[in-house]
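Residue numbers (my numbering), protein chains in the order written: chain A, 1 to 122; chain B, 1001 to 1122.
Below is one structure, written out as structure tokens, with a few remarks after it.
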């Protein structure tokens, strides 16, 4: 299945060795830059405190090891990541978010509201 | 970016109108059938109570409407879903899980342990 980027992440992590292992540990603010033709998809997103970001690992060539699915390694069968981030502010087609662990220039595939009752089952 | 299926979901939902809106409301047990060549990736997964499943909406042609990213509609820019499911049992290359909202025959792209401290930030 082919995935199409709807935007790009602008973060301060230029290389893998600088990125946090999990975004939840990062307090830096990154920008989710949505391409102009997709800006209307964002309508109403500003009312959520947190969003789930689905993005690509554009600098990793998948080569998963035995047990990879039992870990959170970025070396997975498909180079895709999911992270819950804090939505600080929307500025038109750009979302300022906190908690991103992605490298700069990573493609954005989807964003959706984080809803605790759905995403954090007991 | 091209995504490669590592397995297939066997659920009781043959058609969109039968599927629950969110898997968290489903108590049915579905099977995540991992292809034999990827079975070793599952090593150790049986010690987790919940896993995050990343899968494809194989029967939906993306045609997102304005505001789609502010909702949980399956009609998204990319036909990919994320759901947290309860891992009931592992039987070799098959995981029995509860809480799937996916249609039967949906492709599986990734599975990872659900870790509350990471996936449910305060």
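Ideal Cβ placement from N, Cα and C applies to all residues, glycine included.
- The beta-carbon distance between residue 114(A) and residue 48(A), rounded to whole angstroms, is 7 Å. This is short enough to meet the 8 Å contact definition.
- Between residue 42(A) and residue 97(A), the CB-CB gap reaches or exceeds 7 Å.
- For the 7 Å CB-CB criterion, residue 74(A) and residue 60(A) form a contact.
- Assignment of beta strand (DSSP E) within the segment 30-69 of chain A, counting only whole runs of 3 or more residues, yields 50-56 in chain order.
- Excluding residues up to 5 positions away in sequence, 75, 76 and 77 lie with their Cβ nearer than 8 Å to the Cβ of residue 68(A) in the same chain.
- For residue 1072(B) and residue 11(A), the gap between their C-alpha atoms comes out near 26 Å.
- Looking at the DSSP output, residue 1101(B) bridges to nothing.
- Contact annotation: in the segment 1074-1090 of chain B, residues whose CB is within less than 8 Å of a CB in chain A are 1076, 1077, 1078, 1079, 1080, 1082, 1084 and 1086.
- Contact annotation: residue 107(A) and residue 5(A) have beta-carbon atoms nearer than 7 Å.
- DSSP, read as helix, strand or coil, puts residue 1122(B) in coil.
- About 6 Å separates the beta carbon of residue 1101(B) from that of residue 1083(B), a gap short enough to meet the 8 Å contact definition.
- The three-state reading of DSSP puts residue 117(A) in helix, counting H, G and I together.
- Shown here, residue 111(A) sits in a strand according to DSSP, grouped into three states.
- Restricting attention to 1120(B), 1003(B) and 1051(B), the CA atom closest to the CA of residue 1089(B) is found in 1051(B).
- Spanning the alpha carbons of residue 79(A) and residue 1002(B) requires a straight line of approximately 9 Å.
- The beta carbon of residue 1057(B) sits no closer than 7 Å to any beta carbon of chain A.
- In this structure, DSSP gives residue 1089(B) an extended state, which the three-state scheme calls strand.
- The beta carbon of residue 1029(B) sits closer than 8 Å to the beta carbons of 1088, 1096, 1097 and 1098 from its chain, once the five residues preceding and following it are set aside; these are given in chain order.
- Secondary structure of residue 1006(B) (DSSP, three-state): coil.
- The residue among 120(A), 9(A), 118(A) and 92(A) with its C-alpha nearest the C-alpha of residue 55(A) is 9(A).
- The shortest CA-to-CA distance from residue 1119(B) to any of 1053(B), 1044(B) and 1036(B) is the one to 1053(B).
- If you ignore the 5 residues before and after residue 92(A), its C-beta comes within less than 7 Å of the C-beta of 39, all in its own chain and listed in chain order.
- In summary, the residues of the segment 43-71 of chain A whose CB is separated from some CB of chain B by less than 9 Å are 43, 44, 45, 46, 47, 48, 50, 51, 52, 54, 56, 58, 62, 64, 65, 66, 67, 68, 69, 70 and 71, in the order they occur in the chain.
- Cβ-Cβ distances below 7 Å link residue 64(A) to 75, 76 and 77 in the same chain, with the five nearest sequence neighbours on each side left out; the list follows chain order.
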